[in-house]
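Here the structure comes first, spelled out in structure tokens, and everything after it is commentary.
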Amino acid sequence: MELIQAQRGTKDILPAEKGEWSAQSRKWQAVEEVMRGEAEISGFREIRTPVFEDTRLFQRSVGETTDVVQKEMYTFLDQGKRSVTLKPEGTAGAVRAYLEHGLFNEPMPVKLYYLTPCYRYEKAQAGRQREFHQFGVEMFGSSLPVADAGLIAFAHSLFERLCIKNLKLKINSIGCPACRAKYTEALKDYFEQRKDKLCDTCLSRLDRNPMRILDCKDPQCGEVAKGAPHILDYLCDDCRGHFEQVKSILDSIGIQYEIDPTIVRGLDYYTRTVFEFVSEDLGAQSTVCGGGRYDGLVEELGGRATPALGFAVGLERLLMIMQAQKVEFPEPDTCELYVANIGEPAHLEAFRIVQQMRSCAVEAECDEVGRSLNAQMKYAGKIGAQFTLVLGDDEIASGKGVIKNMKTGEKKKVDLKNDLEGQFAAISCEGEDDLAF
RNA sequence: GUGGGUAUAGCGUAGUUGGUUAUCGCGCCAGUUUGUGGCACUGGAGACCGUGGGUUCGAAUCUCACUACCCACCCCA
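Structure representation (structure tokens):
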């Protein structure tokens, strides 16, 4: 019979050492734990929003004309003929919930974080999947440059905490709608006059997203782009001042950055500060984190005008970098006590002891497939059991047993009838494993 | 949507002038060993050779198509 495979662009995340490195659930758990911890320490609280939303939410926020909305959304009619869409990113849902539940009545700023799958109908390649996962944060209610810089600093410390090296921070300002409109027009004029020198893709970019021409890899386009007008020269006084302050705060806390006028987030809602963290340890998709300010979005979705900003980290890409950089992860937990048995009465007793140990938070196992004693011991070795206890007729009769340390071979007598968990705790109480990050 | 590459057991692989039963390693199961794992030895299970057609007495091998995966463009996390 034909096997059904996982959908294109989706990946199974398997336990422990099975599967490719970046698809191992314990690595994901470790990363997620760090992210939650760092977010909470910085005052962000978790929000969980549905995986699917009214399609109009994304059309209004991400923008009708963007690639994401035009050709990458998983949109379908549900049984009630409503158009719903699997979330292509995390911000829209968070803003929707912020408005729907009146979170704007909370003390400002409102700081939220999430870990969520996202869906985009794209052709998969290295670092790009149809189902991928984002860690994101959103902050509502501050228009101050210190919020922009603070958010960037938060991302920065997050990567440091995860022992990720060699990330490059790129920042830019794309101004408010007023200055961006002026700039786009100037840019169009400039390229319009040099149309004959542009490659085909750039010609199509000309009316869709002229800023994209700036980082075309075609050498001839690159030549033309060198002389193009600069967004930073078109910023209004307010936007310029804001950007200057963001930079000087970053300078003052020692965060290195590069001003890159070509970074243009492809989602319509961004204003002013935009930034990304890129890595050379990824394939062509080098951005591991992207974000910025979106001062117009809350109003766009029907709320009171509210300054806001956020960023998202691509978890698959993050894990890919960590793999490339061989970041050490904490050792996985292994079985602490394996209770082997000889014969059926002992099997039952082993089962009882395992239940008892588990209720005291000891990771315990006994035979579940009917193996011989020899095979049980082999199995205990394979799963990395730290201690074993063998039960047979003698132990059941006497109520005494022997616990063996599988690493040292050392054996200790225990009383099976009386406070076994206490005796085991005393035997196994050596140094706890230290975290790798 | 457009290009390029790849396809043999769970994983990694051998197999080119087409020729019997498709190789090896790891892993898995069992035995040597119902009273103590790791080592070793022995045995076992597991492959529609990606799918479908064509050439041929005969195809994993030659050929065509399709599909899947990977990579890149585009776009983004």
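Heads up, the first sequence is in the working numbering, so the first residue is 191 and it goes up one at a time.
Note that the Cβ used here is the ideal one computed from N, Cα and C, for glycine as well.
For residue i, the nearest candidate out of the options (CA to CA)
i      : options                           : result
Met298 : Glu328, Ala314 and Tyr309         : Glu328
Pro520 : Leu377, Asn608, Ile354 and Phe627 : Phe627
Tyr264 : Val258, Gly253, His432 and Leu276 : Leu276
Arg198 : Tyr309, Gly500 and Ser333         : Tyr309
Leu457 : Phe234, Val221, Asp202 and Val252 : Val252
His291 : Glu534, Val604, Lys572 and Thr239 : Thr239
Gly417 : His432, Leu377, Tyr424 and Cys429 : Leu377
Gly612 : Lys568, Ser562 and Ala551         : Ala551
Leu505 : Glu228, Gly317 and Glu534         : Gly317
Glu262 : Glu279, Tyr484 and Asp268         : Glu279
Leu581 : Gly574, Ile573, Gln566 and Lys572 : Gln566
Pro451 : Lys387, Ser363, Ala530 and Leu440 : Ser363
Phe330 : Lys602, Leu293 and Ala314         : Leu293
Ile443 : Ile543, Arg542, Phe467 and His346 : His346
Glu228 : Arg462, Glu555 and Arg351         : Arg351
Asn608 : Gly591, Leu305 and Val454         : Gly591
Leu491 : Thr281, Ala530, Leu440 and Ala474 : Thr281
Ile532 : Cys525, Lys572, Phe577 and Asp584 : Asp584
Glu713 : Gln435, Phe614, Arg246 and Gln315 : Beyond the ends of the chain as shown, which are 191 and 627, falls residue 713; an answer cannot be given.
Val559 : Gln545, Arg455, Glu534 and Gln576 : Glu534
Val464 : Asn595, Gly589 and Asp485         : Asp485
Asn356 : Ile445, Asp605 and Arg395         : Ile445
Lys387 : Arg402, Arg370 and Ala415         : Ala415
Alpha-carbon to alpha-carbon, residue j and residue i
i      : j      : result
Ala213 : Leu204 : 6 Å
Arg272 : Asp244 : 8 Å
Cys411 : Leu289 : 43 Å
Ala536 : Ala587 : 10 Å
Arg548 : Leu579 : 15 Å
Ala495 : Val488 : 6 Å
Gln249 : Val241 : 16 Å
Cys392 : Lys360 : 23 Å
Met512 : Pro419 : 38 Å
Lys437 : Ser333 : 15 Å
Ala570 : Leu527 : 9 Å
Thr374 : Glu470 : 30 Å
Val259 : Leu472 : 25 Å
Cys429 : Glu448 : 18 Å
Tyr303 : Ile342 : 15 Å
Glu230 : Val224 : 10 Å
Ala368 : Tyr380 : 19 Å
Ile421 : Val503 : 26 Å
Pro400 : Gly480 : 20 Å
Met510 : Glu321 : 16 Å
Gly365 : Val478 : 23 Å
Tyr424 : Lys372 : 7 Å
Gly431 : Ile194 : 57 Å
Lys602 : Ile617 : 8 Å
Phe501 : Ile453 : 14 Å
Lys217 : Glu518 : 10 Å
Residue burial classification, residue i (beta-carbon count within 10 angstroms, cutoff 16)
i      : result
His323 : buried
Val336 : exposed
Ala284 : buried
Gly482 : buried
Gln319 : buried
Lys301 : buried
Cys619 : exposed
Gly340 : buried
Ile354 : buried
Glu210 : exposed
Helix, strand or coil at residue i according to DSSP, with G and I counted as helix
i      : result
Met329 : strand
Ile131 : The chain is shown only over 191 to 627; residue 131 falls outside these bounds and no answer can be derived.
Asn595 : strand
His323 : strand
Gln214 : strand
Glu382 : helix
Ala474 : coil
Pro307 : strand
Ala498 : strand
Asp485 : coil
Ile617 : helix
Gly504 : strand
Leu581 : strand
Gly444 : coil
Leu204 : strand
DSSP beta-bridge partners of residue i
i      : result
Ala554 : Leu527
Asp605 : Lys590
Lys301 : Met329
Arg318 : Gln315
Leu276 : Phe242
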